[in-house]
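Residue numbers (my numbering): 2 to 145. Virtual Cβ for every residue (Gly too), placed ideally from N, Cα, C. Before any comments, here is the structure.
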């Protein structure tokens with residue numbers, strides 16, 4: 002039998018938990034016609050100046066490649082959640098802007114996300130949210 006360190010087992014378990022949790026979250030967000038990746042795109046846009054970002058900056062925030070973000074944003078554009086805007090200073094750069102409909106869906110789906118998140122965490126004993134958030138921040142999470 003091959004043995005793995007606690008560190009390796011931590012991340013293997015993290016990956017399994019991540020998959021399970023996001024299936025549940027995606028299921029709840031599907032009520033609003035979106036998935037968690039689309040939710041995160043709209044989350045970052047609503048907090049950006051003028052609710053718009055360059056595609057490459059959005060890709061960095063989400064953790065995708067430029068082509069990955071394009072594949073994710075294209076259907077969102079068709080559904081009217083976001084739209085393209087040209088950059089006045091550089092025509093080669095396209096911006097993604099959150100639409101009013103996208104902002105409404107973000108607010109509504111945020112309620113579903115919160116209810117789902119509370120449900121997922123409610124069964125944990127001795128769970129310390131502040132400690133967990135601090136740990137995630139140390140690992141690179143940056144959502145305040």
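Quiz prompt | Alpha-carbon spacing of residue 15 relative to residue 89, whole angstroms | solution = 43 Å
Quiz item: Going by other Cβ atoms of all chains shown within 10 Å of its Cβ, with 16 needed for buried, is residue 51 buried or exposed?
Solution: exposed
Practice problem: With 8 Å as the threshold, decide whether the Cβ of residue 98 is near any Cβ in chain D. | Solution: In summary, chain D is missing from the structure at hand, where a single protein chain is found.
Exercise. Please say whether residue 109 and residue 45 have beta carbons closer to each other than 8 Å?
Key: no
Quiz item: So, residue 41 versus residue 97, is the Cβ gap smaller than 8 Å?
Solution: no
Quiz item: On the premise that residue 85 lies in contact with residue 100, defined as a C-beta separation below 8 Å, what is that separation, rounded to the nearest angstrom?
Solution: Actually they do not touch by this definition, with Cβ atoms about 11 Å apart.
Quiz item: What residue does the beta strand (DSSP E) around residue 54 start on, and which one ends it?
Solution: 53–55
Quiz item: Going by C-alpha distance, which of 37, 137 and 19 is nearest residue 27?
Solution: 37
Self-check item: Cα-Cα separation between residue 83 and residue 74, rounded to whole angstroms
Solution: 8 Å
Quiz item: Leaving out the 5 sequence neighbours to the left and right, which residues in its chain are closer than 7 Å to residue 20 when beta-carbon positions are compared?
Solution: none
Quiz item: For residue 144, does the count of other Cβ atoms within 10 angstroms reach 16, so buried, or fall short, so exposed?
Solution: exposed
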